[in-house]
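Engineer: Residue numbers (our numbering), protein chains in the order written: chain A, 1 to 606; chain B, 607 to 1212. Idealized CB from N, CA, C, for every residue including glycine. The following block contains the structure, expressed as structure tokens.
There are 2 protein chains.
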Amino acid sequence: MSKYVSVEHLKYLLHEVHGMDEMFRLSRYREYDSESIDMLLDSIRQFSDKELFPYLKEMDEFGAKYENGSITAHPQIERIMRQAGENGFICSHFDYDEGGSQMPYMVGIAANFITTAANNSAVGYMSLTAGAAGLIRSFGSKEQFEEYVPNMVAGKWGGTMALTEPQAGSSLSDIVTSARENQDGSYKITGQKIFISSGDHQCVENIVHLVLARIEGAPAGTKGISLFIVPKKRMNADRVLVSNDVFTAGEYDKMGQRAYVTTHLVFGEQNNCKGWLVGEANMGLKYMFQMMNGARLEVGLTGAAIASAAYYASLQYAKERPQGRKLDGSGGKNLNEPQTLIINHPDVRRMLMLQKAIVEGSASLLLLCAKYLDLSHNGETEEERRKNHLLVELLTPVAKTYPSEMGIVSISNGMQVLGGYGFTTDFPLEQYYRDVRITAIYEGTTGIQSLDLLGRKMTMHNGQAVRELIVEISNTMNDASTFDELKPYAEQLQLAVQSTEQVLMHLMSFAMKGQFEKFLADATIFMEFFGTTVIGWQWLAMALSAKKALVTEQMKRSTDFYESQIHAMKFYFKYELTKTKGLAETLLNTEQLTTVEKERAMSLFE
Amino acid sequence: MSKYVSVEHLKYLLHEVHGMDEMFRLSRYREYDSESIDMLLDSIRQFSDKELFPYLKEMDEFGAKYENGSITAHPQIERIMRQAGENGFICSHFDYDEGGSQMPYMVGIAANFITTAANNSAVGYMSLTAGAAGLIRSFGSKEQFEEYVPNMVAGKWGGTMALTEPQAGSSLSDIVTSARENQDGSYKITGQKIFISSGDHQCVENIVHLVLARIEGAPAGTKGISLFIVPKKRMNADRVLVSNDVFTAGEYDKMGQRAYVTTHLVFGEQNNCKGWLVGEANMGLKYMFQMMNGARLEVGLTGAAIASAAYYASLQYAKERPQGRKLDGSGGKNLNEPQTLIINHPDVRRMLMLQKAIVEGSASLLLLCAKYLDLSHNGETEEERRKNHLLVELLTPVAKTYPSEMGIVSISNGMQVLGGYGFTTDFPLEQYYRDVRITAIYEGTTGIQSLDLLGRKMTMHNGQAVRELIVEISNTMNDASTFDELKPYAEQLQLAVQSTEQVLMHLMSFAMKGQFEKFLADATIFMEFFGTTVIGWQWLAMALSAKKALVTEQMKRSTDFYESQIHAMKFYFKYELTKTKGLAETLLNTEQLTTVEKERAMSLFE
């Protein structure tokens, strides 16, 4: 079987770089230890090898078929959902008495990295089910939990999160799906939702939609949005599932993730769609956003995991394909030499190393964010929870965006390694290239994430989050500086951090003058700048742990493994971190070229 | 009909920026004038509107179907070939007495920009036919010309260029297709060629393959490669077309350009395939490379033209789609305001302006290279031909690579403007995104182009070409510096040029020590650095012509048009040219991270 993920590197991140094992001190995780985590990851890998990876291509070719109001997905989805349910993979972070295994969120993310690298479309069905079940668990009543969640945990029922409407898109304050209270305490739901992932298919017995809607008379904007459970089929008085008037109006034919159905749903066309309010009225968006950090990490993970699969596919090709000759010596012209493997060409090595730098750098940030998220809920002290909450709030938009955007770049480099073959359907690169592109769009586009990062997260609590982050980065830099080999890189990172502070000061000056458009006009450029710096930090941390292992000779893995970490860090600093210079220059440039002078709104584009 | 190209901008480039009208002094072009060129471009646009653009999507969906050794392409291809032949579009640069209209190459490139923006897959059939006919015209005998070319000019027969073999890929010195002389002066051809675009389909009566092969006993390597005409069907003694034993072994199913067939051909499986030598033996690669500049410009053009179509599709969406509210004033929260059009959001404007900067910057470089290429053949003096030859040799790899690589980025931004819709097949962005990706691969990948640029073109004639280029750039900078508004940008470009000289000096020092692998290891980074600088020059030139028109009030176009050129230049300098700083830093960094230390060839990637 082809390799699509390095479980070894995930274990390295968990145990050596990010101190997963510290988490076992928490009472919630006392039944875990290092070995049980490793065994779990190995079993996830086996499951993925057997049930997920072999179906990647045929599921893409099958796509999803819409006919007469219902959608047929690839039948393997049913088997995957059931098997995942039986193995406890869907809601593993739930409490023991909720059907979960109280798995640390970091481990859940590592596990999802493996499954997603194996088959990203298939994993979507599980993740969304977990997300919807998580909303009911966090904000629903005990009765609601019992009615819906056990079947979702078991993989018998699916779940969705239904936010987007045709006229509103990213602007959630403009949603109009309505809810009117019935006499029985349920609500009559009427409206349309688009782009609903896993919104309808034959592979589960029922689908539980978590729907944002407005109760009639609620305040305008985001303050009047409530959250409802709206199942595809509801229980009648005899506890039999009957239609709940959720009509599937269509399936979007997409460039990638073709096995992951994307639906257009119409609620209440027959005036007979019932929903049940989750938690309090008008709190819907707040509830949804409490789940959003997790959902956004999952999307970033999808970007990085697909890039992982693409990396290993291109690496395998580069190790097997002879072409051309080495330049040194004969200048590449000695035809008596056999052709060399293309992995020996520097440009191919650059493309491979770039992929490694993006994939492993992204994985590191994702696992770290998972740790922060976990400790923001389960930390022992108020202070620990507060600090970790700030850090995960700050870094989540980065952990969503960097792996998505750079995952696209990474896979494009993977395809390039294969040359013309990469463009054909004989190799998986073209599918990865199509699949990954959506990650920069869903759960909030890169533009939305960037507004969140700069406009909300950088300024929250008077910039407390970014100060906490700089403390964390400084700790890594200080520690790295004690090793001669790493010191120059710590210094290079220090310059990037100083540059970040300078850029922030400059941009904040617009915000303080109330010039919000100027403040945020280059938010996406700021995201690229900041993300590149943050991943530089992750690489320094990975190299530092490797260096420590090499120096102390307390090596859990091979010398090659640790040396490759230090090498990839140097690569990142030479080829990627250097980009921050030009980006800072762009951000400090005061020309306003994208804000609107009214009279030229359109004419500049002719 | 949706807009897919700005013919106005092409006319601006031809007449105002690049001095097309100077060409009319040449005797070859004396029957042309400014008005006739404009009328011709308008007629090409009408042809494209009618025969090309409407079929874009259905041709993609149809793809190409392989069955029992033959391939069925979309039937509209036949109509396009015939119409193009009848209208004289296929080989328009040929002499009048060869069936051409002696069209200046610049105009041919502008015309192809329009047709390719309309339907890139369809145009491939015409371009390759023109390329193959051009090879026969330049290097074949009079008899060969008469036997094949008239039917190709007329669009009745197609043509291909057959270079790539399974075991050789980009390494042409390793091709093994063989030729043994027959008694009748023809050659018996045996071998396989892969990735042959338009290699077989039912839309023409015959296909003329221009094949690289080795005559038995020829020297090894590139010096033993000859060029042959190998038609799909040959004329028998009765002047009837009969099979020439060219078997179509397969069709590659590809991610994009699905309507452009890509074949695997087997020559001489029945021992009955005849080829006819073109020109002299063992000169095949040299002949092929004399056509290569044109072919590479066509590929760059394809990247830019698809990006043009994507730009206008996303621009149209941005002008029609309301979503969210302006940030200034209420901070985007005043729900009583109607939603604003997304073109008013700075991040959307940035994505649109970036596309404009890439598309128009690329078009400018392509037309300039076309002018150099034309003058390298048709210039009045030896000195004029020599200088233009150097410039086109130097800039062709850039004009192939920048539009290809940045075309990918451009279209990705176009897709992002549409959000989730961009990922669906309801809009054309996803097709453009798939189609454009091949341009960075064929006719020599970006890696190959970069080796050519740094390893061959920068050093040829002791660096004379780059010195000529710097004179050209300096002329533009000096001229621009006379305008206060443009002066700061001329100075910024000057810094980038100085940085180029510094980087070159640094890299050349490796070459002088015979360290070719170190010299060329970062050739692709150098390409990005140099290409970004060259396009900066093009933008300064476009802004300069606009400024002159505005200042002298001799305006052929609207004030808005000219102002948009100056605005886009400023955008390019703020957001794109700034990237050269980090790239220079990477190139000056002496760490060797991608060259091979033998003992770690593989282990670094684990």
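1) For residue 251/A, name the three-state secondary structure that DSSP assigns.
2) Assuming residue 798/B is part of the alpha helix (DSSP H), what are its boundary residues?
3) Relative to the ligand NAD, is the shortest distance from any of its heavy atoms to the C-beta of residue 1011/B smaller than 8 angstroms?
4) Please identify, using Cβ separations under 8 angstroms, the residues of the segment 1028-1047 of chain B that lie next to chain A, in order along the chain.
5) Taking three-plus beta-carbon pairs below 8 angstroms as touching, is the segment 127-134 of chain A in contact with the segment 153-164 of chain A?
6) Quick one, are the C-beta atoms of residue 115/A and residue 44/A less than 9 angstroms apart?
7) Determine the direct distance from the alpha carbon of residue 700/B to that of residue 834/B, and round the result to whole angstroms.
8) Is there a Cβ of chain A sitting closer than 9 angstroms to that of residue 1174/B, yes or no?
9) Less than 9 angstroms between the beta carbons of residue 1189/B and residue 1131/B, yes or no?
10) Using only CA atoms, which one of 1173/B, 1174/B and 1152/B lies nearest to residue 1227/B?
11) Can you confirm whether the segment 946-953 of chain B touches the segment 917-926 of chain B when touching is taken to mean that 3 or more C-beta pairs between the two stretches lie within less than 8 angstroms?
12) Out of 1196/B, 1129/B, 1210/B and 1145/B, which one is the CA nearest neighbour of residue 562/A?
13) I want to know whether the segment 744-752 of chain B touches the segment 660-680 of chain B - three or more CB-CB distances under 8 angstroms.
14) Following the continuous beta strand (DSSP E) through residue 1150/B, name the residue where it begins and the one where it ends.
15) Can the beta-carbon of residue 977/B be found less than 9 angstroms from the beta-carbon of residue 1095/B?
16) Around the Cβ of residue 500/A, are there at least 16 other Cβ atoms within 10 angstroms (buried) or fewer (exposed)?
17) Could you check if residue 151/A is buried or exposed, using at least 16 other CB atoms within 10 Å of its CB as the buried criterion?
18) With 9 angstroms set as the bound, which would you pick, yes or no: does the beta-carbon of residue 1192/B sit closer than that to a beta-carbon of chain A?
19) Checking contacts by CB at 9 angstroms: is residue 840/B closer than that to chain A?
20) From the DSSP output, in three-state form, read off residue 786/B for me.
21) Quick one: Cα of residue 176/A to Cα of residue 163/A, how far?
22) In terms of alpha-carbon separation, which member of 1077/B, 903/B and 1134/B lies closest to residue 1057/B?
23) According to DSSP, what are the bridge partners of residue 408/A?
24) Locate the beta strand (DSSP E) running through residue 832/B, then write down its first and last residues.
25) Just checking, does the segment 427-447 of chain A make contact with the segment 499-513 of chain A on the three C-beta pairs under 8 angstroms criterion?
26) Taking residue 543/A as the query, report the chain B residues whose CB atoms sit under 8 angstroms from its CB, ordered along the chain.
27) Is residue 955/B near residue 171/A, with beta carbons less than 9 angstroms apart?
28) Would you say residue 335/A reaches chain B, if we count a Cβ-Cβ gap shorter than 9 angstroms as a contact?
29) Indicate whether at least one CB of chain B lies closer than 9 angstroms to the CB of residue 506/A.
30) Measuring straight from C-alpha to C-alpha, what distance separates residue 437/A and residue 119/A?
31) By the DSSP assignment, the beta strand (DSSP E) with residue 821/B in it spans what residues?
32) Could you tell me the alpha carbon to alpha carbon distance between residue 258/A and residue 21/A, rounded to whole angstroms?
33) With DSSP as the reference, label residue 681/B as helix, strand or coil.
34) Short of 7 angstroms in beta carbon distance, which residues of its chain neighbour residue 476/A, apart from the five on each side in sequence? Order them along the chain.
35) Once you ignore the five residues that flank residue 678/B on each side, which residues in its own chain have a CB closer than 6 angstroms to its CB?
36) How far does the beta strand (DSSP E) with residue 983/B in it extend, from its first residue to its last?
Structural biologist: Straight from the coordinates:
1) In the first sequence, counting from the first residue as 1, residue 251/A sits at position 251. In the structure shown, residue 251/A sits in a strand (DSSP, three-state: E or B).
2) Numbered from 1 along the second sequence, position 192 holds the residue referred to as residue 798/B. Note, residue 798/B: premise wrong, no alpha helix (DSSP H); beta strand (DSSP E) at 793-803.
3) By its list of ligands, the structure shown contains no ligand whatsoever, and the ligand NAD lies outside what it can speak to.
4) 1028, 1029, 1030, 1031, 1032, 1036, 1039, 1040, 1043, 1044, 1046 and 1047
5) yes
6) In the first sequence, the residue the question calls residue 115/A occupies position 115. In the first sequence, the residue the question calls residue 44/A occupies position 44. Yes. Within cutoff.
7) The residue you call residue 834/B lines up with position 228 of the second sequence. The residue you call residue 700/B lines up with position 94 of the second sequence. Approximately 21 angstroms between the Cα atoms of the pair.
8) Stepping through the second sequence from its first residue, residue 1174/B is reached at position 568. Closer than 9 angstroms to some Cβ of chain A, the Cβ of residue 1174/B qualifies, so yes.
9) Position 583 of the second sequence, counted from the start, is the residue given in the question as residue 1189/B. Position 525 of the second sequence, counted from the start, is the residue given in the question as residue 1131/B. Yes.
10) The requested residue 1227/B does not occur in the structure, where chain B is confined to residues 607 to 1212.
11) yes
12) Position 562 of the first sequence, counting from 1, holds the residue named residue 562/A. The candidate whose alpha carbon is nearest that of residue 562/A is 1210/B.
13) no
14) Here residue 1150/B refers to the residue found at position 544 when the second sequence is read from its first residue. Note, residue 1150/B: premise wrong, no beta strand (DSSP E); alpha helix (DSSP H) at 1129-1158.
15) Position 371 of the second sequence, counted from the start, is the residue given in the question as residue 977/B. Position 489 of the second sequence, counted from the start, is the residue given in the question as residue 1095/B. Not closer than 9 angstroms, so no.
16) Taking the first residue of the first sequence as 1, we reach residue 500/A at position 500. By the neighbour-count criterion, in which a residue is buried when 16 or more other Cβ atoms sit within 10 angstroms of its Cβ, residue 500/A is buried.
17) In the first sequence, the residue the question calls residue 151/A occupies position 151. Label assigned to residue 151/A: buried.
18) Taking the second sequence and counting its residues from 1, the one referred to as residue 1192/B is at position 586. It does; some Cβ of chain A falls within 9 angstroms.
19) What you label residue 840/B is simply residue 234 of the second sequence in a count that begins at 1. No, residue 840/B lies away from the interface with chain A (no Cβ there is under 9 angstroms from its Cβ).
20) Mapped onto the second sequence, residue 786/B falls at position 180. Here residue 786/B sits in strand by DSSP.
21) For the purposes of this step, residue 176/A is taken as the residue at position 176 of the first sequence. For the purposes of this step, residue 163/A is taken as the residue at position 163 of the first sequence. Each residue's Cα considered, the two are about 11 angstroms apart.
22) Taking the second sequence and counting its residues from 1, the one referred to as residue 1057/B is at position 451. Closest option to residue 1057/B, Cα to Cα, is 1134/B.
23) Indexing the first sequence from 1 puts residue 408/A at position 408. In DSSP, residue 408/A forms no bridge with anything.
24) Within the second sequence, numbered from 1, the residue matching residue 832/B stands at position 226. 832-837 is the span of the beta strand (DSSP E), which, as asked, contains residue 832/B.
25) no
26) As a first step, residue 543/A must be located in the first sequence, where it is residue number 543. What residue 543/A touches in chain B: nothing, since even the nearest Cβ is about 13 angstroms away.
27) By 1-based counting over the second sequence, the position of residue 955/B is 349. By 1-based counting over the first sequence, the position of residue 171/A is 171. The answer is no: Cβ separation not under 9 angstroms.
28) Counting from one through the first sequence, the residue named residue 335/A turns up at place 335. Interface residue, yes.
29) As a working mapping, residue 506/A is identified with position 506 in the first sequence. By this cut-off, residue 506/A is not an interface position.
30) Counting from 1 along the first sequence, the entry for residue 437/A is found at position 437. Counting from 1 along the first sequence, the entry for residue 119/A is found at position 119. So the alpha carbons of these two residues sit roughly 15 angstroms apart.
31) Indexing the second sequence from 1 puts residue 821/B at position 215. Unbroken beta strand (DSSP E) run through residue 821/B: 812-821.
32) Residue numbering aside, residue 258/A sits at position 258 when the first sequence is read from its first letter. Residue numbering aside, residue 21/A sits at position 21 when the first sequence is read from its first letter. Each residue's Cα considered, the two are about 38 angstroms apart.
33) Within the second sequence, residue 681/B is the residue found at index 75, counting from 1. Here residue 681/B sits in coil by DSSP.
34) In the first sequence, the residue the question calls residue 476/A occupies position 476. Counting only Cβ-Cβ distances below 7 angstroms, and skipping sequence neighbours, we find 537, 540, 541 and 544.
35) In the second sequence, residue 678/B corresponds to position 72, counting from 1. Closer than 6 angstroms at the Cβ level, and outside the excluded window around residue 678/B, lie 671 and 808.
36) In the second sequence, counting from the first residue as 1, residue 983/B sits at position 377. Per DSSP, residue 983/B belongs to no beta strand (DSSP E); it is in the alpha helix (DSSP H), 952-984.
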